[in-house]
Every structure is written in structure tokens, then in C-alpha cells.
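**Q** Attaching a single structure in C-alpha cells format; questions to follow.
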Amino acid sequence: MNRLALSKIPRYAAVMAVTLAAVTPFYALILIALKNPEGGLGAIRMVPDFYLLNFITAWEKSRMGRAFANSLVITAGAVFLVVFLAGMAGYSIGRVRSRLNRVIFMIFLLCMMIPGIINTVPLYTLLIRLKGINTYWAMIAVLGVNALPFSVFLYSGFIRAMGGALEEAALIDGCSYFDSYWRITLPLLKPVTASVVILQGLGMWNNYAQAVFFLQKGSMRTIPLAISLFFKQYGADWPVMAAAAILGLIPPVAAFLLFQKFFIQGITTGAVKG
Amino acid sequence: MHINTANWHKYMALPAFLLFSLFFLFPLFRGLQLSFTAWDGFSTPEFIGLRNFIQFFSDKRALGDMKTTLLFALGSAPLLNLCGLSLALLLNSGFRGRHLVRSLVYLPAVISPMIMGSVWYLLLQPQRGIFYLWLERVSVEPGNWMLHHGSALILIILVNVWQYAGMTMIIYLAGLQAIPEEQYEAAALEGSGRWKVFRYITLPWLFPSIRINVITNIIGSLSVFEIILALTDGGPGYATESLSIYIMRMCYGNKTGYSTAVAIILFFIIMVPVLITLRGLNRMGESYE
Amino acid sequence: MNKKLMTIITLIVTAAALWAGGKQEVTELSFFSGRVETVEWTENIIAEFQALHPEIAVEHEYQNDASNVMKIKLASGEVPDLTTVVTQDFIDQGIFMDLSSQPFWNRILPSVKDLCTDLKSGRQFKVATNVTMGGLFYNKEMFSSLGLKDARTWDEFVANLEAIKAAYPEVDPLFLAGKDSWTLGHLIEFWVHGIIKQELGIPGSRQAFLDNDLGNLAFDVPGGLMESFASALLELQEKGLINADAVTATYDNQKEAFASGKAAVINQGMWVVGDIIKLNPAMTTNIGFGPFPPVMDGYKPMVLTAEDSVLAVSAETADWEAVLTFLEFLFSPEVQKEYCELRGMPSAFKDVQADWSPISGDVSRAVETYVNINFSTEAPSDLSVDDAGRLIQELLTGMYDSPYDFAKAYAAIWNAAY
Numbered sequence: 504m505n506r507l508a509l510s511k512i513p514r515y516a517a518v519m520a521v522t523l524a525a526v527t528p529f530y531a532l533i534l535i536a537l538k539n540p541e542g543g544l545g546a547i548r549m550v551p552d553f554y555l556l557n558f559i560t561a562w563e564k565s566r567m568g569r570a571f572a573n574s575l576v577i578t579a580g581a582v583f584l585v586v587f588l589a590g591m592a593g594y595s596i597g598r599v600r601s602r603l604n605r606v607i608f609m610i611f612l613l614c615m616m617i618p619g620i621i622n623t624v625p626l627y628t629l630l631i632r633l634k635g636i637n638t639y640w641a642m643i644a645v646l647g648v649n650a651l652p653f654s655v656f657l658y659s660g661f662i663r664a665m666g667g668a669l670e671e672a673a674l675i676d677g678c679s680y681f682d683s684y685w686r687i688t689l690p691l692l693k694p695v696t697a698s699v700v701i702l703q704g705l706g707m708w709n710n711y712a713q714a715v716f717f718l719q720k721g722s723m724r725t726i727p728l729a730i731s732l733f734f735k736q737y738g739a740d741w742p743v744m745a746a747a748a749i750l751g752l753i754p755p756v757a758a759f760l761l762f763q764k765f766f767i768q769g770i771t772t773g774a775v776k777g
Numbered sequence: 366m367h368i369n370t371a372n373w374h375k376y377m378a379l380p381a382f383l384l385f386s387l388f389f390l391f392p393l394f395r396g397l398q399l400s401f402t403a404w405d406g407f408s409t410p411e412f413i414g415l416r417n418f419i420q421f422f423s424d425k426r427a428l429g430d431m432k433t434t435l436l437f438a439l440g441s442a443p444l445l446n447l448c449g450l451s452l453a454l455l456l457n458s459g460f461r462g463r464h465l466v467r468s469l470v471y472l473p474a475v476i477s478p479m480i481m482g483s484v485w486y487l488l489l490q491p492q493r494g495i496f497y498l499w500l501e502r503v504s505v506e507p508g509n510w511m512l513h514h515g516s517a518l519i520l521i522i523l524v525n526v527w528q529y530a531g532m533t534m535i536i537y538l539a540g541l542q543a544i545p546e547e548q549y550e551a552a553a554l555e556g557s558g559r560w561k562v563f564r565y566i567t568l569p570w571l572f573p574s575i576r577i578n579v580i581t582n583i584i585g586s587l588s589v590f591e592i593i594l595a596l597t598d599g600g601p602g603y604a605t606e607s608l609s610i611y612i613m614r615m616c617y618g619n620k621t622g623y624s625t626a627v628a629i630i631l632f633f634i635i636m637v638p639v640l641i642t643l644r645g646l647n648r649m650g651e652s653y654e
Numbered sequence: 007m008n009k010k011l012m013t014i015i016t017l018i019v020t021a022a023a024l025w026a027g028g029k030q031e032v033t034e035l036s037f038f039s040g041r042v043e044t045v046e047w048t049e050n051i052i053a054e055f056q057a058l059h060p061e062i063a064v065e066h067e068y069q070n071d072a073s074n075v076m077k078i079k080l081a082s083g084e085v086p087d088l089t090t091v092v093t094q095d096f097i098d099q100g101i102f103m104d105l106s107s108q109p110f111w112n113r114i115l116p117s118v119k120d121l122c123t124d125l126k127s128g129r130q131f132k133v134a135t136n137v138t139m140g141g142l143f144y145n146k147e148m149f150s151s152l153g154l155k156d157a158r159t160w161d162e163f164v165a166n167l168e169a170i171k172a173a174y175p176e177v178d179p180l181f182l183a184g185k186d187s188w189t190l191g192h193l194i195e196f197w198v199h200g201i202i203k204q205e206l207g208i209p210g211s212r213q214a215f216l217d218n219d220l221g222n223l224a225f226d227v228p229g230g231l232m233e234s235f236a237s238a239l240l241e242l243q244e245k246g247l248i249n250a251d252a253v254t255a256t257y258d259n260q261k262e263a264f265a266s267g268k269a270a271v272i273n274q275g276m277w278v279v280g281d282i283i284k285l286n287p288a289m290t291t292n293i294g295f296g297p298f299p300p301v302m303d304g305y306k307p308m309v310l311t312a313e314d315s316v317l318a319v320s321a322e323t324a325d326w327e328a329v330l331t332f333l334e335f336l337f338s339p340e341v342q343k344e345y346c347e348l349r350g351m352p353s354a355f356k357d358v359q360a361d362w363s364p365i366s367g368d369v370s371r372a373v374e375t376y377v378n379i380n381f382s383t384e385a386p387s388d389l390s391v392d393d394a395g396r397l398i399q400e401l402l403t404g405m406y407d408s409p410y411d412f413a414k415a416y417a418a419i420w421n422a423a424y
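Right, here's the structure in full:
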């Protein structure tokens with residue numbers, strides 16, 4: 504599969520360099536997480552202390568088990584919502600050039616550029632009125648909505664570039680555009696869906712700016728809120744926080760490895776031009 | 366199929382839009398009203414018309430932040446795209462372990478920028494950072510690189526690129542995967558050179574990816590927030606403060622009305638380059654078809 | 007299609023379960039706290055309380071960004087029944103209940119009651135359960151090896167630091183943690199505002215801050231207080247008496263340096279003691295506590311003694327009785343003793359005897375010997391400790407042509423904040 508046939512040695516060298524650059528700070532994070540608090544961060548060495556107590560403290564003190572469950576439900580719910588809604592919207596916008604769609608697209612595009620802080624207070628008031636504070640559904644809705652513009656943009660771009668040849672074929676067989684979206688288009692969009700899941704899901708998993716206001720009860724806290732517990736009034740408990748951060752990123756990394764499978768070639772077998 | 370779904374595709378964007386209107390547009394509208402007031406966060410808002418917007422242009426700190434933000438974006442956005450694309454190209458071909466490397470490159474984006482920024486500070490801190498000391502040992506004198514506007518910005522840009530290049534890469538990967546194999550086979554048959562393949566086959570197919578990445582990176586770079594807070598806290602003084610940081614500090618510092626106005630100004634600062642870029646890209650895209 | 011269906015069902019079931027789980031017949035009390043350090047202890051206390059009073063349910067919400075979240079809550083008209091986030095602004099807005107006639111004041115030190123009094127109305131809208139101290143922490147061994155004593159004037163202070171530098175060249179005499187700008191901001195709040203408080207007395211200075219009427223101690227007076235401070239700080243920098251990386255060093259660096267003996271003196275409060283001992287248990291017997299030096303001649307050294315662990319009650323609380331019951335429990339001597347020892351601060355209650363810190367003896371002695379100053383609670387809220395600290399970052403980076411320029415800049419943002 505040497506499409507862009509770079510000869511092997513420079514390529515491997517580049518890959519090694521990239522890996523090193525990516526890994527080094529991460530290794531530093533691991534060192535911090537495994538550090539014995541005595542002596543502080545200034546006494547950090549290249550070899551970890553293997554002070555696993557940090558992880559246990561992080562897990563217990565911040566109730567990470569509960570936080571994991573919350574983060575999982577909210578992120579999964581919001582991602583599902585986004586893929587469902589944005590995919591549909593992207594399809595319509597990509598195929599139907601109506602005035603309605605152009606307006607909707609423009610609004611989504613413009614809203615991507617709006618600094619989130621403007622919404623905070625009115626959104627908070629709105630959620631109080633809808634009794635959405637401390638609930639899963641409200642958090643899912645808010646996070647999903649925040650992810651819509653980008654996802655719609657992504658889907659519509661790819662759908663338009665894909666061309667409607669396959670769907671036309673289905674239409675002749677008696678399918679409507681709507682049905683062919685679910686049966687034909689969406690499965691072909693696996694890489695795009697994977698991107699949306701990975702990128703937006705990540706943002707949702709790490710969301711702090713909304714969660715801090717809308718999830719107040721201890722039992723509803725998500726991972727970022729759990730980690731923030733270790734920022735004290737003055738200073739922070741770095742080793743434990745690093746441990747918490749590492750625990751918190753296991754699901755996203757696992758999800759990423761899982762969804763990587765969608766980045767495989769060959770989706771257009773027997774498709775497109777004849 | 367007793368329901369006639371023949372026309373449904375025309376309205377498929379509506380569910381998304383309706384939900385969006387309720388949870389985004391409606392609060393946004395209420396929020397925008399604040400920019401015309403001198404609200405401090407609790408007492409009754411007092412309407413002052415456009416005074417907040419006018420104040421911005423004589424606010425030295427805000428103008429300085431705008432300059433810093435623009436400089437940062439000028440460095441960060443193109444670099445992010447370049448690195449993301451290079452990484453995607455590098456890691457697209459089949460070699461063993463490419464999944465692992467992709468995960469490693471993507472990993473920084475998974476960790477909160479506040480925490481990662483603090484780790485970077487541990488590495489880059491003048492006189493104490495691990496990288497810094499290592500550089501001194503090999504006789505490179507970085508000096509007090511956190512304290513000079515220029516060098517501090519460069520460091521922040523580099524850390525930002527490190528953190529987010531993985532996300533850009535993912536979108537380019539998706540784009541690369543969408544290119545049908547036949548295109549390359551045809552080119553191979555013709556005996557086209559590597560550069561020609563890239564320019565005439567890969568690039569056009571990457572168009573949607575390029576579009577979304579350029580725009581996302583412009584928006585993200587102009588909104589930069591946590592990375593700067595973690596690395597320099599906007600300092601020394603306010604030298605590396607970005608507009609988003611300023612807005613946040615004003616919002617919680619009793620200048621809520623003014624901060625909303627500055628946020629709107631930031632919106633326009635973001636919108637102009639994005640729309641220009643979009644138009645430019647669309648025109649380029651058309652020339653390929 | 008199957009996966010999608012499963013997901014939908016799961017979501018619906020989860021939602022239903024959550025909705026069903028929240029219905030009970032008790033009085034609910036919302037307690038909003040920014041004290042994340044004591045979350046566990048607080049939850050235990052609440053559990054104990056609820057065992058005694060099952061009809062009262064305390065909803066404990068704790069946030070690290072408590073003041074920001076509080077502002078958003080207030081903006082939406084939601085005031086927690088009980089909260090630890092209290093500022094002069096909030097008091098002015100009238101959102102808190104007047105606690106002046108409460109019986110617990112009889113058990114509280116009069117000085118603490120004074121500090122809790124709102125000057126504008128003469129009443130108390132907050133109560134504090136502890137007192138915290140701030141001063142210069144110093145390495146006892148180094149000081150005693152050189153025969154150094156608490157500095158009474160600025161020159162003595164500089165002499166102390168120079169002696170340390172001469173005898174221990176590898177040690178930073180005074181360690182500043184510039185990256186965490188609040189530590190620099192404290193220099194102004196303690197060293198500079200402290201002189202105002204000395205001059206005008208604490209009630210006088212509080213009023214002066216409220217009215218922004220500082221007379222000849224105003225910050226932009228040439229050759230005055232703020233200019234003296236700036237010159238003093240620059241003098242320390244020129245003579246190499248502060249760490250070379252003062253502007254980029256962090257609070258963690260500062261603690262570690264002090265704990266490992268690489269810094270001789272740090273400007274901090276009691277909150278730091280526990281952390282230092284954790285870093286190096288041997289420091290338990292080596293931490294000295296002394297006063298802040300006066301940056302202008304004619305003034306005396308000072309120690310910060312301020313109210314800590316404040317609480318306030320919403321003026322619109324629906325369940326005053328419930329709140330009172332909870333407070334009674336919280337303020338009981340046994341509970342307070344635990345809290346004091348946990349936080350390392352003495353109690354504001356006269357009847358609570360706690361072994362609150364390994365250095366409590368030294369601290370109490372310093373408090374009795376030197377002028378006591380408080381936090382500048384009446385300073386304009388728009389000028390935060392962080393903002394003041396950032397100005398000092400600029401000063402130490404050489405962004406001001408003269409100390410007077412710095413003084414003018416500070417005066418400008420101080421006045422703008424009113």
C-alpha cells in the first residue's frame with residue numbers, strides 16, 4: 504500500500520521522531536502520577552517512583568467510579584444525538600440546496616465562531632426553568648447542541664464531495680432520498696462518523712465549562728469535575744491529579760483504538776464511476 | 366412503507382436546527398442583550414447602548430490582547446494544518462504499529478490542556494524545567510524565554526500545535542481514506558510522479574478536510590485560552606493574555622456586560638478571516654471541478 | 007440498527023431510573039462550598055448530622071471555582087441556603103441574612119466578630135469559625151546559626167537577607183513564586199495595605215478602603231507608600247536577595263525550596279505549613295514564623311490575623327430553622343476541634359482548644375508581639391489579588407521606568423476598580 508511511496512528509512516525516522524515528541528510529555532505526566540509526594544516535583548527523576556497510592560487516592564477521593572459512569576452516559580448519549588442529528592442535517596444540506604438549508608448552514612457556521620461564554624448565564628437560567636440542572640438529559644442536550652455546528656459542517660462537506668450516484672441508483676429502485684440516507688449514505692460515511700465520534704466525543708468527555716455549572720450534585724459529577732477536586736485553594740496536588748487524569752483518559756483512548764478500525768480503505772468497492 | 370418519505374430529505378436539517386435553537390440560539394439572544402448594558406453580574410442591568418463597544422477601542426489591555434491573539438493565530442493555525450496533514454500522510458500508509466502511533470499523536474488532545482500545559486511548564490520552566498536544563502547542558506542558552514513576548518508566544522504556539530495536531534490529523538485521515546483506490550491505480554498505470562499524484566488526485570479529494578480543518582484551526586487559535594493560562598497565566602503581567610482570557614476575567618470580575626461586548630467583537634475578529642478563507646477555498650475548489 | 011435500538015432503550019431506562027430516584031419528604035438545605043480541601047471531612051460531618059436529624063437533608067455542593075459558579079447562580083437568582091463564598095459585593099447586594107442577633111456570637115472572639123461586621127450597616131452577615139495567620143516563614147536553623155532575629159525595620163530585613171546570602175550562597179534568601187500571581191498580590195495586601203492598616207487602625211482602614219479615601223497614604227503620592235514598596239522590591243532584586251527566576255517560579259517551587267532548605271524566607275500564610283511538612287517531615291521543628299517588614303520608616307512589623315472559614319446564610323432561605331440546627335451542630339466544640347486540627351488554624355470560638363499546628367506556639371507569640379492586620383476585605387473587588395500580582399510581575403520584569411511609574415499604574419487600576 505505504498506500510495507505516497509516515501510522510501511522507507513526517512514519515513515521510519517520521521518515516525519520515530521513524531522512518536523518521541525508525542526510521548527515525552529506524556530511520559531512526564533506518568534512520572535508525576537507515580538511520584539511519591541515527599542520531595543515534591545522538583546525531585547522528579549527519569550525513572551518513576553511507582554508510588555501507586557496516588558492512583559488509589561485519586562480514585563477514592565474524587566469518587567472516580569461514579570464520575571466514570573456519569574461521563575460515559577453523558578458522552579455516549581450526546582455523541583449518539585450528534586451523529587443522528589448532524590448526519591441527517593449534513594445530508595439534507597449536502598443534497599438539497601434550498602433557501603432553508605442555506606440559512607441553517609450559515610447559522611451553524613456563524614455559531615461555530617461565537618465565544619461560548621456569552622451563553623452561560625442565560626443557558627443556566629433556561630435550564631433552571633426546564634428543571635434540567637443535575638440531570639443527564641439536559642447535559643446531553645447542551646453538549647450535543649454545542650457539537651452540532653462542527654459536525655454538520657463535516658458531514659455536509661463530505662456528503663457533497665461524495666456525489667449522489669449511489670443514491671440515484673437506489674431511487675430508481677423505489678427508495679426515497681430519506682431511506683437511501685440510512686441504507687446507503689450513512690454506512691459509507693464511516694470515517695466521517697468516526698471523526699465526529701472521536702473529536703466531539705473527546706470534547707464532551709473533557710467538558711468542564713458547562714459541567715461545572717450544570718452538574719452540581721456530587722453524584723452527578725463527571726471526570727473533569729472529579730479531577731478539578733485536586734486543585735486546592737492555594738496550589739494543587741499534582742501527583743494525585745496526574746493520576747486522576749491518566750485514569751480519566753483510559754475510556755477515550757480505548758474508544759479511539761476501537762474507532763480506528765473505521766479508518767480503513769475500501770469503502771467504495773464497486774462504487775462511483777464505472 | 367405506508368408513510369411517504371419522498372420529501373422528507375428536504376427537511377432533515379430541521380430536528381438539529383430546532384434543538385439548536387432552543388439550547389443555543391435562544392440563550393445566545395438573551396446573552397447578546399447583555400452587551401448593551403453595564404451589568405456587573407447581580408444588580409439590575411442598566412442599558413448603555415454602544416458604550417461598551419466604544420470602550421473596547423480605547424482599552425489598552427484589550428487592544429494588546431487582540432494583537433497577541435492575532436499573532437498567536439497567525440503562527441498556530443497554519444502550523445496546525447501543516448503538521449496535521451504531514452502526520453496524516455505519514456501515518457496513512459500501512460506499516461505495522463501505525464494505529465499505535467496515531468493514538469500517541471492523538472493522545473495529547475485527550476488530556477485537558479490545563480493539565481498538559483502544566484506538564485509542559487514542568488519541562489520548559491526557565492532555570493528549572495527538564496528540557497530547559499537539558500538545553501543548557503548542551504550549551505544552548507534559552508535565556509528567560511518565558512518572559513519575552515516573542516519567545517513566550519513561540520513556545521505557546523509550539524505547545525498548542527503539539528496538543529492539537531492530532532485532531533487535525535484525524536480529519537485528514539478520514540479524507541485520505543475516502544479516496545478510492547482506483548484513482549491511485551490509474552495514476553500508477555500512467556506513471557505519474559509522486560508530486561503530480563498528490564497535487565491532482567489527493568489534494569482535490571482532501572478538499573472537504575482542508576476546509577473544515579482550516580476553519581476549525583482559525584477559530585480555535587483565535588479563541589485560545591487554557592494553553593496560555595497553563596503556560597504563562599497570560600503573563601508576565603498581561604503580555605501573553607489572549608482575548609478569551611480577558612473576556613473570562615472581565616465576566617467574573619463584575620464587568621459582565623462589557624465582557625459580552627468584547628466577546629461579540631471577538632466573534633467578528635474570528636468571522637472575517639473565516640469567511641474570507643471559505644470564499645477563497647470555495648473558489649479554489651471550483652477550479653478543480 | 008440493533009445497536010441503535012439498544013442505545014435508545016438504555017438511555018430511556020437510565021432516565022427513568024434517575025427520575026424515579028429523587029422523591030422524598032424532607033427539608034432540603036443547599037450548602038454551597040468552595041472548600042475542596044475538606045470535602046471528605048465535610049461529608050462525614052453531614053452524614054453524622056443527618057443521622058441525628060433525618061428530617062433535614064443537606065445538599066452539599068462543592069466546587070473549586072466556587073466564586074465564579076456563585077456569580078452565575080446569583081445571576082440566575084439562585085442563592086444557596088448556606089455558603090462559604092462571601093464577598094463585600096454580595097453583602098452589599100443584600101443576599102445574606104442578618105446574623106447579628108445569633109447566640110453563637112457569645113462564644114466567638116470579639117476581634118473576629120469585628121472582622122465579620124459589615125461596615126456599611128454595622129451588622130454581621132457572615133460568621134467565621136477560624137482565624138488564619140500570615141507572615142514570613144523562615145528556616146529556624148539558618149537564622150539561629152547566624153544569630154538573626156525578626157527584622158523591625160526595612161534595613162534590618164535587608165541585613166538579615168544579606169547575612170543569609172553571605173553564609174549560604176546556594177540558598178535563595180527570599181523566595182518569590184511569581185508565576186502564581188496571587189503570591190505576589192499578597193505582598194501588596196500584607197506589606198503595603200498593612201501600613202495603611204497600621205496608620206488608620208483596622209476599622210479606620212476598612213472605612214478608608216470603602217470610601218477610597220487614603221489621604222497621604224494614597225498610592226500615587228510621590229515618594230509615598232507604593233513607591234517605597236516598589237523601590238524596596240527592586241532593591242531586593244538588584245542585590246540578588248530574591249530567587250533569580252522570581253517571575254516564573256511557581257507556588258510549588260516555593261514550597262519545595264523552603265522545605266528542602268534551598269530558600270530561607272517565604273511570604274505566606276498558615277495554609278502552607280501542612281504542605282511543607284508533607285514535603286519534608288523534618289521541617290516540623292524548623293519552621294519559624296515572623297512578621298512582615300515595614301517598607302516605610304516609622305512603621306512597625308506586622309502579622310496577618312484574619313477571619314477564615316466564613317459562612318453566610320441566604321436572606322431568602324425557606325428553612326431558617328433547619329439551617330440553624332445544622333449550624334449548631336457544625337459549631338459544636340467537638341466538631342470545631344476536628345476542623346481546627348484538620349486545617350491547621352486556631353478556632354474563633356473561645357471554648358475550643360485544639361492542637362492546631364506544630365508551630366502554634368511561635369505563631370501565637372508573633373501575633374501577640376506585632377501589629378495585627380487583616381485581609382483587605384473592603385478593597386474594590388474588581389482589583390483582585392491576581393491582578394495586583396501581575397502588576398508586580400511587570401515590575402520585576404523591568405516594564406516600569408521607575409518605582410513611581412509602578413505606583414501610578416497601581417493607583418490607576420485601583421481607582422478604576424471603584
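Protein chains in written order, with my numbering: chain A, 504 to 777; chain B, 366 to 654; chain C, 7 to 424.
Every residue gets a Cβ at the ideal spot worked out from N, C-alpha and C, and that includes glycine.
Under the DSSP definition of a beta bridge, which residues are partnered with C:TYR144?
**A** DSSP lists C:VAL271 and C:GLY294 as partners of C:TYR144.
**Q** Residues in the segment 448-472 of chain B with C-beta within 9 angstroms of chain A's C-beta atoms, listed in sequence order?
**A** Taking 9 angstroms as the Cβ-Cβ cut-off against chain A, the residues of the segment 448-472 of chain B that qualify are SER451, LEU452, LEU454, LEU455, LEU456, ASN457, SER458, GLY459, PHE460, GLY462, ARG463, HIS464, LEU465, VAL466, ARG467, SER468, LEU469, VAL470, TYR471 and LEU472.
**Q** So, at 8 angstroms on beta carbons, what are the nonlocal neighbours of C:GLU168 in its own chain, with the 5 sequence-adjacent residues on each side left out?
**A** Counting only Cβ-Cβ distances below 8 angstroms, and skipping sequence neighbours, we find PRO179, LYS245 and LEU247.
**Q** In this structure, how does DSSP classify C:THR138 when only helix, strand and coil are distinguished?
**A** Strand.
**Q** In chain B, which residues lie with their C-beta within 9 angstroms of the C-beta of A:TYR554?
**A** Within chain B, no residue comes near A:TYR554; the closest Cβ sits about 17 angstroms away, beyond 9 angstroms.
**Q** By the 10 Å Cβ neighbour count, where 16 or more other Cβ atoms means buried, how is C:LYS10 classified, buried or exposed?
**A** Its Cβ having fewer than 16 others within 10 Å, C:LYS10 is exposed.
**Q** Can you give the beta carbon distance from C:GLN399 to C:GLY184, rounded, assuming they're within the 8 angstroms contact cut?
**A** Yes, they are in contact, since the Cβ atoms of C:GLN399 and C:GLY184 sit about 6 angstroms apart, within 8 angstroms.
**Q** At a CB distance below 9 angstroms, what residues from the segment 575-587 of chain A approach chain C? Give them in sequence order.
**A** Per Cβ criterion, the list reads VAL576, ALA579, GLY580, PHE583 and PHE587.
**Q** Measuring straight from C-alpha to C-alpha, what distance separates C:GLN274 and C:GLN243?
**A** Looking at the two C-alpha atoms, the distance is approximately 19 angstroms.
**Q** Helix, strand or coil: which one does DSSP assign to C:SER408?
**A** Coil at C:SER408, not helix or strand.
**Q** Roughly how many whole angstroms lie between the Cα atoms of B:LEU435 and B:THR605?
**A** Using only the alpha carbons, I get a separation of about 11 angstroms.
**Q** Tell me, please, which residues DSSP counts as bridged to C:TYR68.
**A** DSSP lists C:SER39 as partners of C:TYR68.
**Q** What residue range is occupied by the uninterrupted alpha helix (DSSP H) comprising C:ILE398?
**A** C:ILE398 -> alpha helix (DSSP H) spans 391-402.
**Q** Using alpha carbons as the reference points, say which of B:PRO380, B:GLU591, B:THR581 and B:ILE610 lies closest to B:LEU643.
**A** The candidate whose alpha carbon is nearest that of B:LEU643 is B:THR581.
**Q** Specify, as a first and last residue, the run of the beta strand (DSSP E) that C:GLU374 falls within.
**A** Per DSSP, C:GLU374 belongs to no beta strand (DSSP E); it is in the alpha helix (DSSP H), 366-375.
**Q** Would you say C:GLY28 reaches chain B, if we count a Cβ-Cβ gap shorter than 8 angstroms as a contact?
**A** Below a pLDDT of 50, predicted positions are generally treated as unreliable, and C:GLY28, at 49, falls in that range; no measurement from the model is reported.
**Q** Measure the CB-CB distance between B:ILE593 and B:ILE612 and report whether it falls below 8 angstroms.
**A** Cβ atoms of B:ILE593 and B:ILE612: not closer than 8 angstroms.
**Q** Taking the straight line between their C-alpha atoms, what separation do you get for B:GLU468 and C:ASP217?
**A** Here the sequence assigns Ser to residue 468 of chain B, which means Glu is not the residue at that position. Rounded to whole angstroms, B:SER468 to C:ASP217 spans 59 angstroms at the Cα level.
**Q** Using beta carbons (cut-off 8 angstroms, strictly below), is C:ASN292 in contact with chain A?
**A** It does not; no Cβ of chain A falls within 8 angstroms.
**Q** If the cut-off is 9 angstroms on Cβ atoms, which residues from the segment 277-305 of chain C count as contacting chain A, listed in chain order?
**A** The residues in question are TRP277, VAL278, ASP281, LYS284, LEU285, ASN286 and PRO287.
**Q** Is it true that the segment 377-387 of chain B meets the segment 590-597 of chain A, where meeting means three or more beta-carbon pairs spaced less than 8 angstroms apart?
**A** These segments touch.
**Q** Where does B:GLU606 sit, in a helix, a strand or coil, going by DSSP?
**A** Note: B:GLU606 maps to coil in three-state DSSP.
**Q** C:ALA360 to C:GLU147, Cα distance in whole Å?
**A** Spanning the two alpha carbons is a distance of roughly 27 angstroms.
**Q** How about A:ILE596 and A:PHE608: are their beta carbons less than 8 angstroms apart?
**A** Taking 8 angstroms as the Cβ cut-off, A:ILE596 and A:PHE608 qualify as a contacting pair.
**Q** Using a Cβ cut-off of 9 angstroms, pull out every chain B residue sitting near C:ALA81, in sequence order please.
**A** Within chain B, the residues near C:ALA81 are TRP404, GLY406, PHE407 and THR621.
**Q** Using a Cβ-Cβ cut-off of less than 8 angstroms, list which residues of the segment 486-520 of chain B approach chain C; keep chain order.
**A** Listed by position, the residues of the segment 486-520 of chain B near chain C (Cβ gap below 8 angstroms) are TYR486, GLN490, PRO491, GLN492, ARG493, ASN509, MET511 and LEU512.
**Q** Tell me which residues of the segment 400-420 of chain C have at least one Cβ-Cβ distance to chain A shorter than 9 angstroms, keeping chain order.
**A** If the cut-off is 9 angstroms between Cβ atoms, the segment 400-420 of chain C has nothing near chain A.
**Q** So, for B:GLY548: in the same chain, excluding its five sequence neighbours on each side, which residues have a beta-carbon less than 7 angstroms away from its beta-carbon?
**A** Strictly speaking, residue 548 of chain B in this sequence is Gln, with Gly absent from that position. Correct list, in chain order: ILE566.
**Q** B:LEU439 lies in the alpha helix (DSSP H); which residues open and close that run?
**A** Looking at the DSSP string, the run of the alpha helix (DSSP H) that includes B:LEU439 is 425-455.
**Q** Over the uninterrupted beta strand (DSSP E) stretch that includes B:PRO380, give me the two end residues.
**A** Taken as a continuous stretch (DSSP letters only), B:PRO380 belongs to no beta strand (DSSP E), being part of the alpha helix (DSSP H) at 379-385.
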